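Q: The UniProt record's numbering numbers the first residue of the sequence shown as 1 and each following residue consecutively. Quick reminder that beta carbons are idealized off the backbone N, C-alpha and C, glycines included. As the structure is a computational prediction, the values presented were derived from the model and not from experiment. Below you will find the structure I want to go over with you.
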Amino acid sequence: MSAFLDKMRRRAGRYLDVRPADVRPARGVLSLSFDDIPASAWTEAGPILAQHGIKATYYVCGGLSGGRNLDLPQFEVEHLQALHEAGHEVGCHTYEHVSTLTLSPAELDASLARNAAWVAERLDGYQMQTFAYPFGDCALGSKAVIDKRFLCGRGVRDGINTGRSDRNLLQAIGLESRRLPGYDLGALVAETASSKGWLIAYGHDVSDAPTPYGCRPEDIDRLIRLAKAADLEVQPVAAAWGMATLQQSI
Numbered sequence: 001m002s003a004f005l006d007k008m009r010r011r012a013g014r015y016l017d018v019r020p021a022d023v024r025p026a027r028g029v030l031s032l033s034f035d036d037i038p039a040s041a042w043t044e045a046g047p048i049l050a051q052h053g054i055k056a057t058y059y060v061c062g063g064l065s066g067g068r069n070l071d072l073p074q075f076e077v078e079h080l081q082a083l084h085e086a087g088h089e090v091g092c093h094t095y096e097h098v099s100t101l102t103l104s105p106a107e108l109d110a111s112l113a114r115n116a117a118w119v120a121e122r123l124d125g126y127q128m129q130t131f132a133y134p135f136g137d138c139a140l141g142s143k144a145v146i147d148k149r150f151l152c153g154r155g156v157r158d159g160i161n162t163g164r165s166d167r168n169l170l171q172a173i174g175l176e177s178r179r180l181p182g183y184d185l186g187a188l189v190a191e192t193a194s195s196k197g198w199l200i201a202y203g204h205d206v207s208d209a210p211t212p213y214g215c216r217p218e219d220i221d222r223l224i225r226l227a228k229a230a231d232l233e234v235q236p237v238a239a240a241w242g243m244a245t246l247q248q249s250i
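Structural data, given as structure tokens:
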């Protein structure tokens, strides 16, 4: 029964309390993002991004710093500071890496505040502007909390953002070994270019033998090369939001 109720709550979060945004960039846009920040998302992906001159968005949970998740080492504070200094965006992923289905709006807001304070203390007052839902779980009551604090929120439902989109639950594709075989990346990039849409890709760990939630270095390299060949803009999520909606960052 609990699994059924959670499924219904996810559907409610997807279809109700939509705050629409008109996503119409001047040309197609790609954003690369990494959730949780396993250490390899920086140590392995960072050099690839630097090679291509690309900036990404790293969605951080302060509570994961220096620990392990899915039996993988997570980021150290030094990694977070290095990626920030390299010009990458740091986004919010809750402090504890917890599903919003398990939190009341007040509890979610407290987690976001704790994460904001944790990041600001370590990144000289940095303020996060975008959010990604842990596990892609968006409870209906969470959307108003996200709307109050961030430019936009990102889920994990497959798709390209174009035209009328939910600013608090943007679509994305998974740079994950469990999902990649089901995608035609070339076709997705071509559609993003032709529709002048916004394609967001998210991943986790990066290695030659990734978890089901991670990808290989060559997967990142290939997507960037496809995007450049299609003349897509490649920007972090906050910058892409401004381009796609003609709005300025907070």
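Quick one: which unbroken alpha helix (DSSP H) runs of 4-plus residues sit fully inside the stretch 25-71? Chain order, please.
A: Complete alpha helix (DSSP H) runs here, min 4: 39-43, 45-52.
Q: Just checking, does the stretch 17-35 make contact with the stretch 226-245 on the three C-beta pairs under 8 Å criterion?
A: yes
Q: Report all residues from its chain with a CB closer than 6 Å to the CB of Gly66; omit the five preceding and five following residues, and keep chain order.
A: Glu76
Q: By Cβ distance, which residues of its chain are closer than 6 Å to His52, with the 5 residues on each side in sequence left out?
A: Closer than 6 Å at Cβ, skipping near neighbours: Ile224.
Q: What's the gap between the Cα of Pro105 and the Cα of Gly141?
A: Pro105 and Gly141 have their alpha carbons spaced roughly 6 Å apart.
Q: Identify whether Met1 lies in helix, strand or coil by the three-state DSSP scheme.
A: At Met1, the pLDDT of 44 sits below 50, so the modelled position is not reliable; the number obtained from the coordinates is stated separately. Coil, per DSSP.
Q: Spatial neighbours of Ile250 within its chain, please: C-beta separation below 7 Å, excluding the five flanking residues on both sides.
A: Reliability fails at Ile250, whose pLDDT of 40 lies under 50, so the model's placement of it is uncertain and no value is given.
Q: Under 8 Å, do Tyr183 and Gly155 count as touching if we go by C-beta distance?
A: It is not a contact, given that the beta carbons lie outside the stated cut-off.
Q: On the premise that Ala21 lies in contact with Arg167, defined as a C-beta separation below 8 Å, what is that separation, rounded to the nearest angstrom?
A: 4 Å
Q: Have a look at Met1 and Asp147 and give me their C-alpha separation to the nearest angstrom.
A: Because the pLDDT of Met1 is 44, which lies under 50, any placement of that residue in the model is unreliable, and the number read from its coordinates should be weighed accordingly. Rounded to whole angstroms, Met1 to Asp147 spans 30 Å at the Cα level.
Q: For Tyr58 versus Gly87, is the C-beta spacing smaller than 8 Å?
A: no
Q: Using a Cβ-Cβ cut-off of 6 Å (strictly less than) and excluding sequence neighbours within five positions of Arg122, which residues of its own chain qualify?
A: Val77
Q: I'd like the span of the alpha helix (DSSP H) that includes Thr192, first residue to last.
A: 185-195
Q: Starting from Arg225, trace the alpha helix (DSSP H) both ways and give me its first and last residue.
A: 217-229
Q: Report the three-state DSSP secondary structure of Gly141 (helix, strand or coil).
A: coil
Q: Can you tell me whether Gln248 is buried or exposed? The criterion is at least 16 other CB atoms within 10 Å of its CB, across all chains shown.
A: Reliability of the predicted coordinates at Gln248 is poor, the pLDDT of 37 falling under 50, and no value is obtained from them.
Q: I need the DSSP call for Pro212, collapsed to helix, strand or coil.
A: coil
Q: Assign Val237 to one of three DSSP states: helix, strand, or coil.
A: helix
Q: Using the Cβ count rule (16 or more neighbours within 10 Å means buried), how would you classify Leu101?
A: buried
Q: Would Asp205 pass as a contact of Ala41 if the rule is Cβ separation under 8 Å?
A: yes
Q: Have a look at Gly203 and Ala172 and give me their C-alpha separation to the nearest angstrom.
A: 10 Å
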